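Chemist:
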Amino acid sequence: MGVIRDHPELALFLCLALGYLVGKLRVGPITLGGICGTLIVSLLIGTRHVTVDDDVKTVFFALFIFSLGYLAGPQFFANLNRRSLRFLALCLIELVCVLGIAFGLAKAFDLDVGTASGILAGAATESAVVGTATEAIGKLDGLTSAQVSQYQGHVATAYTVCYLFGLVTIVLYTSQIMPMLLRINLADASRELWEKMRGGARGLEADEREALPGTVGRTYLVTLADGLRIGELKAVRAGRVTVEGVKRGSKLLDPSPDLELTLSDLVQLVGRRSWIIEAGREIGPETPSVPGLDTPLATRQVAVTEKATAGSTISQLERDHPEFLKDGVYVTDVLRNDQHLPASAETTVQRGDVLTLVGARAGLNKLVAKIGAVVKNDATDFIYLGLGIVAGSLLGQIVVRFGDIPMSLGTGGGCLVSGLLFGWFRSRKQTFGAFPPQAANTLKDLGLAVFIACTGLTAGPQAWPLLKEYGALLPFAGIAMVLVPATISLVVGRKLLRIEKPLLIGAIAGQQCSTPAITSITQVAQSSVPLLGYTITYALSNFLLPLTGPVLVGVLGSG
Numbered sequence: 151m152g153v154i155r156d157h158p159e160l161a162l163f164l165c166l167a168l169g170y171l172v173g174k175l176r177v178g179p180i181t182l183g184g185i186c187g188t189l190i191v192s193l194l195i196g197t198r199h200v201t202v203d204d205d206v207k208t209v210f211f212a213l214f215i216f217s218l219g220y221l222a223g224p225q226f227f228a229n230l231n232r233r234s235l236r237f238l239a240l241c242l243i244e245l246v247c248v249l250g251i252a253f254g255l256a257k258a259f260d261l262d263v264g265t266a267s268g269i270l271a272g273a274a275t276e277s278a279v280v281g282t283a284t285e286a287i288g289k290l291d292g293l294t295s296a297q298v299s300q301y302q303g304h305v306a307t308a309y310t311v312c313y314l315f316g317l318v319t320i321v322l323y324t325s326q327i328m329p330m331l332l333r334i335n336l337a338d339a340s341r342e343l344w345e346k347m348r349g350g351a352r353g354l355e356a357d358e359r360e361a362l363p364g365t366v367g368r369t370y371l372v373t374l375a376d377g378l379r380i381g382e383l384k385a386v387r388a389g390r391v392t393v394e395g396v397k398r399g400s401k402l403l404d405p406s407p408d409l410e411l412t413l414s415d416l417v418q419l420v421g422r423r424s425w426i427i428e429a430g431r432e433i434g435p436e437t438p439s440v441p442g443l444d445t446p447l448a449t450r451q452v453a454v455t456e457k458a459t460a461g462s463t464i465s466q467l468e469r470d471h472p473e474f475l476k477d478g479v480y481v482t483d484v485l486r487n488d489q490h491l492p493a494s495a496e497t498t499v500q501r502g503d504v505l506t507l508v509g510a511r512a513g514l515n516k517l518v519a520k521i522g523a524v525v526k527n528d529a530t531d532f533i534y535l536g537l538g539i540v541a542g543s544l545l546g547q548i549v550v551r552f553g554d555i556p557m558s559l560g561t562g563g564g565c566l567v568s569g570l571l572f573g574w575f576r577s578r579k580q581t582f583g584a585f586p587p588q589a590a591n592t593l594k595d596l597g598l599a600v601f602i603a604c605t606g607l608t609a610g611p612q613a614w615p616l617l618k619e620y621g622a623l624l625p626f627a628g629i630a631m632v633l634v635p636a637t638i639s640l641v642v643g644r645k646l647l648r649i650e651k652p653l654l655i656g657a658i659a660g661q662q663c664s665t666p667a668i669t670s671i672t673q674v675a676q677s678s679v680p681l682l683g684y685t686i687t688y689a690l691s692n693f694l695l696p697l698t699g700p701v702l703v704g705v706l707g708s709g
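Here the working numbering = 1-based position in the sequence shown + 150.
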């Protein structure tokens, strides 16, 4: 242990390695996750008085919180509209409940500001609150350095216990109990909603894939269309398929609308399967793939930047842009943050979404220029990243007083706001400020893990005394602060807001920012439909919940 004390970098990475190993342990549908595992391990190692410099914690927390804001920014601002107000109401219910319960427990049981903040962070299963609350405690007036250290240690310990019970509660409540309360089979309800969104088409099970892909290319031998021009074919004239190539003997011809087909020509068509089959009836029998005529379909990942497109369904998007049908281009995937949404006709497209478009290369390039920009995330723009964190740090230094209560965002809150803004600006054009999702997620996870490890190492000596003093209270708080807002949201969401049941269950997991919960929900639902509700509340709560830390610390600290 002496070697670890002398070389804190060993302790830090040992906490990460062992913590993520502990986080993989599974009990039924529940896994602790790497962050909670890291905190448990670091608390244990911290009891041996192993510490890491506080500046390390500050730097990595800034990286985490900025990356979090950057990833959530596009959807956060996209969801600030009238159509999303009903989901915003769920986030506000979460916000008011967790703050009210934490404040009530603090007054009823005379809790110190650190323990109350840890209960808030853990029960809300929002790790970012640990950072914002810890930072806010360090800025309270009238505390000695020993008190600051003690209270910050209490944040980590209370968070660990409450998180364990809060995590188990939200996972079981949303995935197992809520469907029973709503009197639905979640898998059947999700499938029915999916079919409704797709206009009656049957949805796929989680382990199913389409046996016949929707977008295809086929070749036909001309026996029925002798003498017809390409532009006179019904399916082509209706914009349902595109002619990508014509082979006459050994020559490849330009498939212009005026080209007249002759017997024995080979014609390659691209489009939706049903339309291709219909077009084949006009031309002649299908043939195997022809060398030199096998034009591959191109794929583009396009970030939606066109203002008029935001809020449109995929069906509306295809109607507003005839190039989809005219040039044979199809939406096959919708990526929002790091979640893949069903590319159904009724899926709403938001600014900043990344659409996967498949089709003939010429038509694809024309369409991309109209609706957005090709995503270029091959390298991180460190100029943009650095300026964003600098701006957030400066914003966090601003102090505003409400009476005798000093309030500031701190580095955490400031970097969260700047991350949201910088991520939003990036999403509007996608031609600057590249921060690849893989890189952003890596920095987010690494930043939080290192911050949590540093916090746990510091808090280790205070952990056992706090558990002996408040041991029974912490599990109760962890369970209550999940059940109360979730139950209220369930009632309000169904009775007043009329949110569809699978979407409502996903949205409640999102208001709690619980990735394990939505993972369990989608497994039970055997569908990604609940994700449509989750992504909205998750983006909003990711911004709102971290701000509760400084608010609670400010209110309790002033008292």
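We put the beta carbon where it would ideally sit given N, CA and C, even for glycine. A quick note: this is a predicted structure, and the numbers were derived from the prediction, not measured.
Please confirm whether GLN418 and GLY367 have their CB atoms less than 8 Å apart.
Modeler: Cβ distance < 8 Å, so GLN418 and GLY367 count as in contact.
Chemist: Assign GLN588 to one of two classes, buried (16 or more other C-beta atoms within 10 Å of its C-beta) or exposed (fewer than that).
Modeler: With fewer than 16 other Cβ atoms within 10 Å, it is exposed.
Chemist: Assuming the contact rule is C-beta atoms closer than 8 Å, VAL386 and VAL393 should be a hit. Round their C-beta distance to whole Å, please.
Modeler: VAL386 to VAL393, Cβ: 6 Å. Contact.
Chemist: Reducing DSSP to helix, strand and coil, say where HIS304 ends up.
Modeler: Note: HIS304 maps to helix in three-state DSSP.
Chemist: Kindly indicate the opening and closing residues of the beta strand (DSSP E) around LEU454.
Modeler: Per the sequence shown, the amino acid found at residue 454 is Val instead of Leu. Looking at the DSSP string, the run of the beta strand (DSSP E) that includes VAL454 is 448-454.
Chemist: Using a Cβ-Cβ cutoff of less than 8 Å, which residues in the same chain neighbour ALA460 once the five nearest sequence positions on both sides are dropped?
Modeler: The residues are ALA228, VAL454, VAL499, GLN500, ARG501.
Chemist: Since GLY281 and PHE601 should fall inside the 8 Å C-beta cutoff, what is the C-beta to C-beta distance between them, to a whole number of angstroms?
Modeler: Yes, GLY281 and PHE601 are in contact; Cβ-Cβ is about 6 Å, under 8 Å.
Chemist: Judging by CA-CA distance, which residue of VAL504, ALA519, THR463, SER414 is the nearest neighbour of SER494?
Modeler: Nearest option by C-alpha distance: THR463.
Chemist: Rounded to the nearest angstrom, how far is the Cβ of LEU640 from that of ILE668, given a contact under 8 Å?
Modeler: No, LEU640 and ILE668 are not in contact; Cβ-Cβ is about 16 Å, not under 8 Å.
Chemist: When the distance is taken between beta carbons, is LEU413 closer than 8 Å to THR369?
Modeler: Not closer than 8 Å, so no.
Chemist: Check the C-beta distance from CYS565 over to ALA212 and give it rounded, since I have them as a contact under 8 Å.
Modeler: Sure, about 5 Å apart at Cβ, within 8 Å.
Chemist: In angstroms with no decimal places, state the Cα-to-Cα distance between ALA675 and ILE380.
Modeler: Using only the alpha carbons, I get a separation of about 47 Å.
Chemist: Are there three or more Cβ pairs, one per stretch, closer than 8 Å when the segment 304-320 is compared with the segment 262-276?
Modeler: Contact holds: three or more Cβ-Cβ distances are below 8 Å.
Chemist: For PRO700, is the classification buried or exposed, using 16 other Cβ atoms within 10 angstroms of its Cβ as the cut-off for buried?
Modeler: Its Cβ being crowded by 16 or more others within 10 Å, PRO700 is buried.
Chemist: In the structure shown, what three-state DSSP assignment does ALA351 receive?
Modeler: Confidence in ALA351 is poor, its pLDDT being 46 and thus under 50, which makes the residue's placement unreliable; the coordinate value appears in the next sentence. Three-state result, ALA351: coil.
Chemist: Return the chain-ordered list of same chain residues with a C-beta closer than 7 Å to the C-beta of GLY353, the five sequence neighbours on each side being excluded.
Modeler: Bear in mind that the predicted position of GLY353 carries a pLDDT of just 45, short of 50, making it unreliable; the figure below should be weighed with that in mind. Cβ neighbours of GLY353 beyond the five flanking positions: ARG341, TRP344, GLU345, SER677.
Chemist: Just how far apart, CA to CA, sit VAL440 and THR506?
Modeler: If you take the alpha carbons of VAL440 and THR506, they lie about 27 Å apart.
Chemist: When you compare each of TYR323, GLY196, GLY219, GLY173 to ARG576 by their alpha carbons, which one comes out closest?
Modeler: Minimum Cα distance to ARG576 is reached at GLY219.
Chemist: Drop a sphere of 10 angstroms on the beta-carbon of GLU159, count the other beta-carbons inside from all chains shown, and report buried for 16 or more, exposed for fewer.
Modeler: With fewer than 16 Cβ atoms within 10 Å of its Cβ, GLU159 is classed as exposed.
Chemist: Quick one: grab the DSSP three-state call for LEU189.
Modeler: Residue state, collapsed to three classes: helix.
Chemist: Mapping DSSP to helix, strand and coil, what is ARG486?
Modeler: Of the three classes helix, strand and coil, the one that applies to ARG486 here is strand, per DSSP.
Chemist: Beta-carbon within less than 7 Å of HIS471's beta-carbon, same chain only, minus the 5 sequence neighbours each way: which residues are those?
Modeler: The answer, listed in chain order, is LEU517, LYS520, ILE521.
Chemist: I need the straight-line Cα distance from SER325 to CYS165, nearest angstrom please.
Modeler: Taking the straight line from one Cα to the other gives about 31 Å.
Chemist: Apply the 10 Å Cβ neighbour rule to LYS207 and answer buried if 16 or more other Cβ atoms are within range, or exposed otherwise.
Modeler: Per the 10 Å Cβ criterion, buried.
Chemist: What is the residue span of the alpha helix (DSSP H) that THR685 lies within?
Modeler: Unbroken alpha helix (DSSP H) run through THR685: 681-694.
Chemist: Starting from GLY254, trace the alpha helix (DSSP H) in both directions and tell me its first and last residue.
Modeler: Taken as a continuous stretch (DSSP letters only), the alpha helix (DSSP H) holding GLY254 covers 235-258.
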